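Residue numbers (my numbering): 29 to 464.
Here it is, written out as structure tokens:
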């Protein structure tokens with residue numbers, strides 16, 4: 029009789045261990061696979077942000093007005109990511125995703141019907157806020173339905189679904205625009221509607237306040253995240269990471285042009301980045317998932333910083349390709365661990381808030397990063413890349429202290445194991461480990 033529990037324990041341990049790409053995909057619940065399909069469909073039709081400036085100029089608005097509209101949309105997205113985490117914790121991921129997608133589908137479709145500029149700004153702000161509020165809820169479901177050892181790989185799947193959809197989407201949009209500009213908004217709304225219906229029909233039924241006991245529900249709102257000192261250090265690192273990464277869109281085209289290269293060089297760099305991420309990130313994650321998250325993120329950040337410095341080194345186009353290769357490798361090594369970390373350390377009932385806070389801070393870095401980068405470029409020109417390397421070093425140092433694993437977790441695991449093997453009715457101390 030004593031041989032059965034160890035065998036069951038070994039089988040359970042095997043199910044929790046990190047495995048390869050296909051093994052991970054086969055081992056996750058149906059809800060995870062369906063959710064990944066929903067993310068792909070949604071990102072495939074997410075045309076609004078990419079074509080907003082061109083669309084508004086096509087309608088007769090000035091380039092300045094179009095730029096302001098894009099900024100307003102971005103501001104709404106930052107707020108939506110921040111609030112989406114709280115909605116996921118309070119009302120449950122299923123209702124949050126469904127509401128975000130269904131309301132977002134109506135809003136994005138209505139952009140083509142609005143003609144007054146101030147009203148367009150209002151619609152775009154709410155479209156940005158509501159349209160992205162599903163992301164923390166999506167990450168929360170993926171984390172909740174995946175063993176901790178496999179969360180890095182599942183987050184890589186989430187990134188892959190988003191990247192493939194975002195890469196193929198603009199190609200589809202170019203064809204749609206030849207027929208009618210309005211089609212991109214209707215198709216965008218339709219894909220959001222499809223994702224919302226998928227969420228409503230497939231995801232777990234976690235109604236308002238969810239199925240957690242009252243004692244497990246969050247009572248401190250976002251304060252719990254900002255009082256977590258280690259997590260605040262991590263957020264600073266995420267912000268720095270976003271500010272640096274976005275310079276590929278803000279400063280790199282200026283730098284390439286200043287060096288006398290044509291637009292084709294800049295396009296080739298982005299094609300290299302997108303192609304490598306889509307082709308190799310899952311394969312790299314297969315090995316990186318066995319590293320500690322801090323090692324993976326620090327390694328990725330070092331490669332990112334080194335690649336950014338490489339953009340400012342002599343050597344012509346080959347040096348630019350080498351630099352982009354380093355940046356892309358850093359993105360693939362560190363990205364999945366960066367995005368899975370909040371779910372790993374969030375306290376009970378706070379996963380959505382932790383994920384939403386991280387994604388909002390990342391979005392804020394991407395929003396303010398271009399202004400910072402262009403200001404440095406105007407002042408220092410090619411030396412801006414040395415500044416990005418120095419800022420990356422600061423981010424690495426802060427992240428090193430912020431991404432320390434809690435020492436309480438192993439004790440809790442040992443305690444849980446002893447409780448599981450204790451005789452029925454044996455008393456326990458009732459303590460509960462709280463992540464740092």
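The beta-carbon is built from N, C-alpha and C at its ideal position, and this holds for glycine as well. Remember, it's a predicted structure, so these values are computed and weren't measured experimentally.
Determine whether the beta carbon atoms of residue 324 and residue 377 lie at a separation below 9 Å. no
Look up residue 295 in the DSSP assignment and say whether it is helix, strand or coil. helix
Determine the contact status of residue 169 and residue 231, defining contact as a CB-CB distance below 9 Å. yes
Is it the case that the segment 153–160 contacts the segment 263–272, given that we only count it when at least three CB pairs across the two stretches are under 8 Å? no
In chain order, each alpha helix (DSSP H) run of at least 4 residues that lies wholly inside the segment 341–397: 344–373
Could you check which residue in 395, 384, 373 has the C-alpha nearest to that of residue 160? 384
Neighbourhood of residue 94 by C-beta, 6 Å cutoff - its chain only, sequence neighbours within 5 removed: Cβ-Cβ distances below 6 Å link residue 94 to 81, 84, 85 in the same chain, with the five nearest sequence neighbours on each side left out; the list follows chain order.
Find the nearest neighbour of residue 328 within the set 400, 102, 359, judged by alpha-carbon distance. Checked all of 400, 102, 359; the closest Cα to residue 328 is 359.
Rounded straight-line distance, which links the Cα of residue 126 to that of residue 164: For residue 164 and residue 126, the distance between alpha carbons rounds to 13 Å.
Hey, is residue 361 close to the ligand SAH, as in C-beta under 8 Å from one of its heavy atoms? Absence of the ligand SAH from the depicted structure is noted, as is the absence of any ligand whatsoever, leaving it without description.
Residue 122, enclosing alpha helix (DSSP H) - first and last residue: 121–138 is the span of the alpha helix (DSSP H), which, as asked, contains residue 122.
Nearest residue (CA-CA) to residue 204, options 73, 251, 134: 73
Could you tell me which of 387, 121, 420, 99 sits nearest to residue 326, measuring between CA atoms? Looking at the Cα atoms, 420 is the closest of the given residues.
How about residue 370 and residue 213: do their beta carbons lie closer than 9 Å? no
Under the three-state reduction of DSSP, which class applies to residue 231: helix, strand or coil? coil
Is there contact here, the segment 177–189 with the segment 395–413, by at least three beta-carbon pairs under 8 Å? As far as the Cβ criterion goes, the segment 177–189 does not touch the segment 395–413, which means the pair count is below three.
Threshold first: 4 residues or longer. Then list the alpha helix (DSSP H) segments lying entirely within the segment 170–228, N to C. Entirely contained in the segment 170–228, the alpha helix (DSSP H) runs reaching 4 residues are, in chain order, 179–207.
Return yes when the Cβ of residue 191 is within less than 9 Å of the Cβ of residue 316, no when it is not. It is not a contact, given that the beta carbons lie outside the stated cut-off.
Can you tell which of 101, 69, 65, 314 has its C-alpha closest to the C-alpha of residue 77? Here the closest residue by C-alpha is 101.
Check whether chain C comes within 9 Å of residue 59, counting only Cβ atoms and requiring the distance to be less than that. The structure shown contains no chain C; it is built from a single protein chain.
Would residue 162 and residue 223 qualify as a contact pair, given that the criterion is a beta-carbon distance under 9 Å? A contact, by the Cβ cut-off of 9 Å.
Could you tell me the distance, in whole angstroms, from the CA atom of residue 453 to the CA atom of residue 367? A caution first: residue 453 carries a pLDDT of 34, below 50, which makes its placement in the model unreliable, though a value can still be read off. Straight-line Cα distance between these residues: approximately 41 Å.
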